[in-house]
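For reference, the structure is listed below as C-alpha coordinates.
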Amino acid sequence: MVDWGEPSSRMLAYEVAPAGAETASRLYLPEDGPVLHLERLRLIGGVSAMLETSYLPLVRFPGIDAFDFEEDSLLRVLDDEYDVEAVHVTLRVTVARATEREAGLMRVESNDLIFLECGTRMGSDINPIEY
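Taking the numbering used here, I'd label the letters of the sequence shown as residues 1152 to 1282.
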(Lines of atoms letter the chains of each structure in order from A and count residues from 1; the text may use other names and numbers.)
(Lines give C-alpha, C1' and ligand atoms only; values in the text may rest on other atoms or scores of the structure.)
Protein backbone atom coordinates (compact mmCIF):
# COMPACT_ATOMS: atom_id res chain seq x y z
CA MET A 1 0.00 0.00 0.00
CA VAL A 2 1.24 3.49 -0.84
CA ASP A 3 1.84 5.78 2.14
CA TRP A 4 0.73 9.25 1.05
CA GLY A 5 1.33 10.74 4.49
CA GLU A 6 -0.91 11.97 7.26
CA PRO A 7 -4.12 13.87 6.48
CA SER A 8 -4.46 17.29 8.11
CA SER A 9 -6.38 20.55 7.76
CA ARG A 10 -5.60 24.24 7.88
CA MET A 11 -8.44 26.62 8.81
CA LEU A 12 -8.76 29.52 6.35
CA ALA A 13 -12.11 31.01 7.44
CA TYR A 14 -14.21 30.57 10.57
CA GLU A 15 -16.98 33.12 10.91
CA VAL A 16 -20.65 33.62 11.63
CA ALA A 17 -22.28 35.52 8.76
CA PRO A 18 -25.67 36.02 7.07
CA ALA A 19 -26.46 33.15 4.71
CA GLY A 20 -27.00 35.17 1.53
CA ALA A 21 -29.32 34.11 -1.29
CA GLU A 22 -27.61 30.93 -2.58
CA THR A 23 -26.72 29.47 0.82
CA ALA A 24 -30.12 30.40 2.29
CA SER A 25 -31.95 28.54 -0.48
CA ARG A 26 -29.82 25.41 0.09
CA LEU A 27 -30.27 25.47 3.88
CA TYR A 28 -33.96 26.55 3.93
CA LEU A 29 -33.11 29.81 5.71
CA PRO A 30 -33.96 33.47 5.22
CA GLU A 31 -31.17 35.34 3.42
CA ASP A 32 -30.12 37.03 6.66
CA GLY A 33 -30.24 33.76 8.63
CA PRO A 34 -26.94 33.24 10.46
CA VAL A 35 -24.62 30.45 9.32
CA LEU A 36 -21.24 29.23 10.45
CA HIS A 37 -18.93 29.59 7.45
CA LEU A 38 -15.92 27.25 7.55
CA GLU A 39 -13.22 27.13 4.93
CA ARG A 40 -10.48 24.54 5.29
CA LEU A 41 -7.52 23.50 3.21
CA ARG A 42 -7.20 19.71 3.34
CA LEU A 43 -3.67 18.35 3.12
CA ILE A 44 -2.19 14.90 2.66
CA GLY A 45 1.38 14.59 3.81
CA GLY A 46 1.59 18.38 3.91
CA VAL A 47 0.52 18.70 0.25
CA SER A 48 -2.66 20.62 -0.67
CA ALA A 49 -5.36 18.17 -1.70
CA MET A 50 -8.71 19.96 -1.41
CA LEU A 51 -10.22 23.33 -0.56
CA GLU A 52 -13.44 22.79 1.40
CA THR A 53 -16.10 25.38 2.25
CA SER A 54 -19.01 24.56 4.55
CA TYR A 55 -22.04 26.50 5.73
CA LEU A 56 -24.03 25.30 8.76
CA PRO A 57 -27.30 26.87 9.96
CA LEU A 58 -26.91 28.27 13.48
CA VAL A 59 -30.64 27.98 14.10
CA ARG A 60 -30.27 24.21 13.78
CA PHE A 61 -26.90 24.00 15.58
CA PRO A 62 -26.83 26.64 18.33
CA GLY A 63 -23.36 27.01 19.83
CA ILE A 64 -21.58 25.14 17.04
CA ASP A 65 -19.44 28.22 16.47
CA ALA A 66 -17.75 27.56 19.84
CA PHE A 67 -16.00 24.40 18.61
CA ASP A 68 -12.43 24.39 17.32
CA PHE A 69 -12.68 22.70 13.93
CA GLU A 70 -8.93 22.70 13.49
CA GLU A 71 -8.94 20.10 16.27
CA ASP A 72 -12.52 18.73 16.25
CA SER A 73 -14.11 16.74 13.45
CA LEU A 74 -17.23 18.46 12.12
CA LEU A 75 -18.96 15.12 11.58
CA ARG A 76 -18.09 13.98 15.12
CA VAL A 77 -19.45 17.21 16.63
CA LEU A 78 -22.68 16.92 14.62
CA ASP A 79 -23.11 13.30 15.68
CA ASP A 80 -22.02 13.52 19.34
CA GLU A 81 -23.23 16.99 20.30
CA TYR A 82 -26.32 17.42 18.11
CA ASP A 83 -27.29 13.78 17.45
CA VAL A 84 -27.38 14.48 13.72
CA GLU A 85 -26.11 12.19 11.02
CA ALA A 86 -26.23 12.75 7.27
CA VAL A 87 -28.47 10.16 5.65
CA HIS A 88 -28.63 11.73 2.20
CA VAL A 89 -25.93 13.65 0.37
CA THR A 90 -26.38 15.32 -2.99
CA LEU A 91 -23.13 16.14 -4.77
CA ARG A 92 -22.35 17.70 -8.10
CA VAL A 93 -18.80 17.41 -9.37
CA THR A 94 -17.66 19.59 -12.25
CA VAL A 95 -14.40 20.81 -13.73
CA ALA A 96 -13.59 24.51 -13.44
CA ARG A 97 -10.67 26.90 -13.91
CA ALA A 98 -8.76 27.73 -10.73
CA THR A 99 -9.08 31.32 -9.57
CA GLU A 100 -5.89 33.10 -8.51
CA ARG A 101 -6.76 32.50 -4.85
CA GLU A 102 -7.53 28.79 -5.37
CA ALA A 103 -4.38 28.36 -7.45
CA GLY A 104 -2.24 29.88 -4.69
CA LEU A 105 -3.77 27.65 -2.01
CA MET A 106 -3.68 24.49 -4.10
CA ARG A 107 -0.24 25.23 -5.56
CA VAL A 108 -1.36 25.06 -9.17
CA GLU A 109 -1.36 27.71 -11.90
CA SER A 110 -4.20 30.20 -12.22
CA ASN A 111 -6.72 28.90 -14.80
CA ASP A 112 -5.53 25.29 -14.41
CA LEU A 113 -8.38 22.80 -14.44
CA ILE A 114 -9.56 21.69 -11.00
CA PHE A 115 -12.49 19.64 -9.72
CA LEU A 116 -15.32 21.60 -8.14
CA GLU A 117 -17.68 19.74 -5.84
CA CYS A 118 -20.90 21.27 -4.55
CA GLY A 119 -23.49 19.55 -2.41
CA THR A 120 -25.86 19.41 0.51
CA ARG A 121 -25.97 16.97 3.42
CA MET A 122 -29.44 16.15 4.72
CA GLY A 123 -30.42 14.63 8.06
CA SER A 124 -32.95 11.88 8.69
CA ASP A 125 -35.64 14.57 9.06
CA ILE A 126 -34.82 15.61 5.46
CA ASN A 127 -33.67 19.04 6.64
CA PRO A 128 -30.30 20.32 5.48
CA ILE A 129 -27.31 19.94 7.76
CA GLU A 130 -24.59 21.51 5.66
CA TYR A 131 -24.11 23.18 2.30
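Just so you know, even glycine gets a beta-carbon here, dropped at the ideal spot from N, CA and C. From a predicted model like this one, the values you see are computed outputs, not experimental measurements.
Return the residue from the list the options that minimises the CA-CA distance to residue i.
i: Thr1160; options: Pro1208, Ala1168, Ile1195 and Val1153; result: Per the sequence shown, the amino acid found at residue 1160 is Ser instead of Thr. Ser1160 has its Cα closest to that of Ile1195, out of Pro1208, Ala1168, Ile1195 and Val1153.
i: Arg1272; options: Met1201, Leu1178 and Val1210; result: Leu1178
i: Glu1283; options: Glu1222, Gly1255, Met1201 and Ala1168; result: This structure leaves residue 1283 out entirely; the chain is present only between 1152 and 1282.
i: Leu1264; options: Glu1253, Ser1176 and Gly1270; result: Glu1253
i: Val1259; options: Ser1205, Cys1269 and Ala1247; result: Ala1247
i: Arg1211; options: Met1162, Val1153 and Leu1180; result: Leu1180
i: Trp1155; options: Gly1197, Ala1217 and Ala1172; result: Gly1197
i: Leu1147; options: Met1162, Ser1176, Glu1166 and Ser1275; result: There is no way to answer for residue 1147, as the model of the chain reaches only from 1152 to 1282.
i: Ala1237; options: Pro1279, Glu1166 and Arg1193; result: Pro1279
Here's the rule I'm using: 16 or more other beta-carbon atoms within 10 Å means buried, otherwise exposed. How should residue i be labelled?
i: Ala1249; result: buried
i: Pro1213; result: exposed
i: His1239; result: exposed
i: Glu1281; result: buried
i: Ile1277; result: exposed
i: Ala1164; result: exposed
i: Pro1158; result: exposed
i: Arg1191; result: buried
i: Val1153; result: exposed
In the DSSP output, which residue or residues are listed as bridge partners for residue i?
i: Ile1265; result: Ala1247
i: Val1240; result: Arg1272
i: Met1257; result: DSSP, once it has assigned bridges, lists no residue as partnering Met1257.
i: Ile1195; result: Pro1158 and Val1198
i: Leu1207; result: Leu1187
i: Val1167; result: Leu1187
i: Pro1213; result: Answer is none; Pro1213 lacks a bridge partner.
Just the Cα atoms here: how many angstroms apart are residue i and residue j?
i: Thr1174; j: Leu1242; result: 15 Å
i: Leu1267; j: Val1244; result: 6 Å
i: Glu1222; j: Met1257; result: 21 Å
i: Asn1262; j: Asp1219; result: 33 Å
i: Ala1170; j: Leu1202; result: 20 Å
i: Ala1172; j: Asp1231; result: 30 Å
i: Gly1255; j: Ser1199; result: 10 Å
Any heavy atom of the ligand SAH closer than 7 Å to the Cβ of residue i?
i: Arg1193; result: The ligand content of the structure shown is nil, which means the ligand SAH is not present either.
Rounded to the nearest angstrom, how far is the Cβ of residue i from that of residue j, given a contact under 8 Å?
i: Leu1207; j: Leu1226; result: Not really, about 12 Å apart at Cβ, beyond 8 Å.
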